[in-house]
Each structure stands twice: as C-alpha cells, then as structure tokens.
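To start, the structure itself, in structure tokens.
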C-alpha cells in the first residue's frame with residue numbers, strides 16, 4: 001500500500017496512549033477545582049477536530065460546553081466565561097497566532113486553559129495552565145477521549161469510561177485494518193475525482209467536524225479542489241438544489257444517533273446524481289471496540305479511511321499535501 005507503515009502507526013499510537021495517566025490527572029484536578037462550563041476553541045482544522053467532543057458533551061453531559069473559533073472568541077468574547085470555566089485549545093504547531101493570543105488573554109483573566117500541541121516549548125504551551133504534547137501521533141483524538149471521558153466519568157455521566165479507555169489501546173491497530181479495507185475504494189475515488197470542478201461533502205453528528213475538516217483542510221487547502229461541506233440536516237435547506245447529474249456528492253455516514261439524517265441524504269442523492277459515494281462507518285471492522293463505543297471513535301476511524309484518499313490524491317495529482325500558495329507563505 002502507498003505510504004503505509006502499519007508497525008510505525010501502532011508504535012506511535014502506543015506513545016499517544018501512554019499519555020493517558022497524565023491527562024486523566026489534569027481532568028481530575030480541574031474537576032476537583034470546579035467546572036462551570038467548557039470552551040473548545042482553536043483555528044481551522046484544529047477547531048473542527050474538537051467538534052465531536054463538544055457534540056459529545058452537549059448530548060451526554062450536564063456541563064455546558066461551547067465550540068468557538070479563537071478569532072471569534074477574541075473579537076466578541078462570551079458572557080458565559082467565568083472564573084470556573086475551562087478553555088481547551090488545540091494547535092498542532094503550538095504557535096497559531098489567534099489561538100496563542102486567546103491563551104494569553106485567558107492567562108491575564110485567570111481562566112484555566114488546557115492546550116494540546118504537537119511540539120515541545122511552544123508559545124501556546126507556555127501561556128497555558130496545562131499543556132499536553134502529543135508529538136503529532138495518531139489517533140490525535142486520544143488526548144480528548146481521555147480528558148473529556150474522565151471529566152464525564154467523575155461527573156457520573158460516563159460510568160463505562162474505564163472500559164472505553166482500556167479498549168482505546170487497540171484502536172490504532174483497528175485503524176490500520178480499516179485503512180487496508182478502504183484502500184482500493186480510496187484509490188478509485190481519487191482517480192475518479194482528482195480534477196472535479198466541484199464536490200459536495202455531507203456528514204452529521206460525531207462526523208460533522210470530520211466532514212468540515214476534510215473538505216476545507218485537505219481538499220481545499222491541501223489539494224486546491226473546490227468543495228462544499230454541509231451537515232446532513234442542513235443539506236435539505238439549500239445545498240441539495242445544486243445536486244444534478246455528474247455532481248459528486250460524498251457522504252460520511254455515521255452509525256450514531258444521527259444516522260437517519262445521513263440515510264435521508266443518501267436516499268435523495270442516489271436519485272438525482274450518478275456521482276454519489278459514501279464512506280459508511282458500519283462497514284469498517286473494529287474488532288477491539290465495543291459496539292456501544294463505536295460512534296464515539298468515529299472521527300478517528302474515518303480519519304484512517306480518508307487518509308487513504310488523501311495519499312492517493314497526492315500521488316495521482318502530483319500535488320504534495322504540504323504544498324501551499326498562501327498559508328504561512330504570504331502576509332495576511
């Protein structure tokens with residue numbers, strides 16, 4: 001398989017998993033101090049990565065949570081922010097200017113912050129109350145599973161947390177299996193749509209952040225392909241009018257509570273376009289993850305599948321995923 005090192009991925013996954021105890025201690029400490037609400041905030045794809053965890057809390061926890069871009073948070077603020085708030089930030093580089101500026105502001109206000117970064121000695125970590133360096137190892141969501149899962153467990157809202165966290169140790173291996181299962185489909189998709197003028201990507205629930213992230217940060221930012229992302233419920237309030245013959249529609253189908261919303265999109269799209277593709281979570285083999293936990297790990301698993309699409313697009317189009325025209329290239 002193209003650029004596939006299963007052993008390395010599992011090894012890096014073990015390193016990411018080794019952070020569990022440290023992250024759980026952070027969760028226990030902030031919970032003991034008191035949490036009035038939680039703000040998830042970052043920029044671009046990092047914000048999208050946190051969407052499933054805000055969704056998880058909104059649907060399963062009594063602790064109020066909010067998802068804001070760092071720039072919006074800086075410009076507008078929030079009347080809900082108070083001394084018992086927790087602000088969770090994510091920046092792979094650890095130097096995203098809006099995110100760092102927000103961390104500095106929270107530091108000045110005495111608001112506790114927890115930052116997830118991929119490097120040591122970053123400005124974001126320096127200005128955060130707590131910082132976790134995941135070194136860029138995948139699944140990148142592990143840190144959030146441990147942090148949010150533990151907070152919810154202590155709040156008596158996730159009694160299965162220990163079982164869930166134990167099973168996560170095997171998630172990287174299962175993600176490797178999914179990558180192998182989907183590779184031929186991913187290559188076929190990349191070959192077919194490598195030069196598509198326009199694509200519509202649809203998702204919901206736990207996978208909405210993944211849908212948005214992949215559309216913007218891979219297809220648009222990394223491959224310069226014009227893409228529209230829309231949530232499954234919102235699809236029928238505008239975007240579906242653009243569906244016709246030869247318009248590619250791609251659905252990331254959840255197996256969580258919002259699956260009926262996805263199925264409605266699939267039923268419509270198959271009638272009106274001959275270019276419909278879906279990546280269905282139910283089709284992926286997860287031998288070590290209990291059925292009740294599968295919806296929670298959807299973002300990680302779908303990333304493993306879509307990563308195969310990304311690598312094939314990069315290869316077929318001879319367009320490196322790291323190539324940029326503007327991002328960190330020009331002043332803006």
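Numbering (the UniProt record's numbering), first residue to last: 1 to 332. The beta carbon of each residue, even a glycine, is placed where N, CA and C say it ideally should be.
Using only alpha-carbon positions, find the residue among the options that is nearest to residue i.
i: residue 147; options: 192, 256, 165, 136; result: 165
i: residue 169; options: 96, 17, 53, 49; result: 17
i: residue 280; options: 298, 241, 142; result: 298
i: residue 5; options: 172, 284, 214, 325; result: 172
i: residue 278; options: 325, 185, 287, 322; result: 185
i: residue 145; options: 57, 258, 329; result: 57
i: residue 175; options: 209, 73, 287, 120; result: 287
i: residue 202; options: 39, 157, 253, 11; result: 253
i: residue 320; options: 223, 230, 71, 262; result: 223
i: residue 25; options: 274, 42, 162, 150; result: 150
i: residue 139; options: 274, 9, 306; result: 9
i: residue 276; options: 237, 192, 238, 53; result: 192
i: residue 143; options: 322, 61, 20, 69; result: 20
i: residue 183; options: 157, 160, 284, 217; result: 284
i: residue 152; options: 12, 217, 238, 53; result: 53
i: residue 167; options: 304, 242, 289; result: 289
Skipping 5 residues on each side, what residues in its chain have a beta carbon closer than 7 angstroms to that of residue i?
i: residue 190; result: 309, 312, 313, 316
i: residue 36; result: 82, 84, 85
i: residue 2; result: 311, 312, 315
i: residue 262; result: 204, 232, 251, 253, 254
Would you please verify whether the beta carbon of residue i is less than 9 angstroms from any beta carbon of chain C?
i: residue 132; result: The chain inventory of the structure shown lacks chain C, comprising one protein chain alone.
Which residue marks the beginning of the alpha helix (DSSP H) containing residue i, and which one marks its end?
i: residue 219; result: Premise fails: residue 219 is in no alpha helix (DSSP H) and is neither H nor E.
i: residue 9; result: 6 to 17
Cutting at 8 angstroms between CB atoms, please list the residues of its own chain near residue i, excluding the five before and the five after it.
i: residue 124; result: 89, 91, 94, 95, 96, 99, 100, 103, 115, 117, 131
i: residue 62; result: 155, 157
i: residue 60; result: 152, 157, 158
Less than 6 angstroms between C-beta atoms, sequence neighbours within five positions excluded: which residues of the same chain meet that for residue i?
i: residue 196; result: 248
i: residue 256; result: 205, 206, 295
i: residue 293; result: 164
i: residue 265; result: 202, 232, 235, 251
key: Contact the stretch 80 to 88 vs the stretch 105 to 112: 3+ CB pairs below 8 angstroms   = The stretch 80 to 88 is in contact with the stretch 105 to 112.
inquiry  = Contact between the stretch 177 to 185 and the stretch 258 to 274 is defined here as three or more beta-carbon pairs at a separation below 8 angstroms; is this criterion met?
reply    = Output reads no: the stretch 258 to 274 does not touch the stretch 177 to 185.
ask   = Which runs of the alpha helix (DSSP H), 4 residues or longer, sit entirely within the UniProt domain "SIS" (26 to 157)?
value = Listed in chain order, the complete alpha helix (DSSP H) runs (minimum 4 residues) inside the UniProt domain "SIS" (26 to 157) are 45 to 60, 70 to 76, 97 to 109, 123 to 126, 142 to 154.
key: Sufficient close CB pairs (3 or more, under 8 angstroms) joining the stretch 1 to 16 to the stretch 133 to 148   = The way I'd put it, the stretch 1 to 16 does touch the stretch 133 to 148; three or more beta-carbon pairs between them come closer than 8 angstroms.
message = Going residue by residue through the stretch 232 to 268, where are the continuous beta strand (DSSP E) segments of at least 3 residues, counting only ones entirely within it?
response = With a minimum length of 3 residues, the continuous beta strand (DSSP E) runs that stay inside the stretch 232 to 268 are 249 to 253.
task = Could you tell me which uninterrupted alpha helix (DSSP H) segments, each at least 4 residues in length, are contained entirely in the stretch 156 to 205, listed from first to last along the chain?
result = Taking only runs of at least 4 residues, the alpha helix (DSSP H) segments lying wholly in the stretch 156 to 205 are 161 to 167, 171 to 193.
request  = Could you pull out every unbroken beta strand (DSSP E) segment of at least 3 residues lying fully inside the stretch 258 to 318, listed in chain order?
outcome  = The stretch 258 to 318 contains these whole beta strand (DSSP E) runs: 276 to 280.
inquiry  = With a threshold of 8 angstroms, are at least 3 pairs of Cβ atoms found where one atom belongs to the stretch 46 to 64 and the other to the stretch 208 to 218?
reply    = A contact exists between the stretch 46 to 64 and the stretch 208 to 218.
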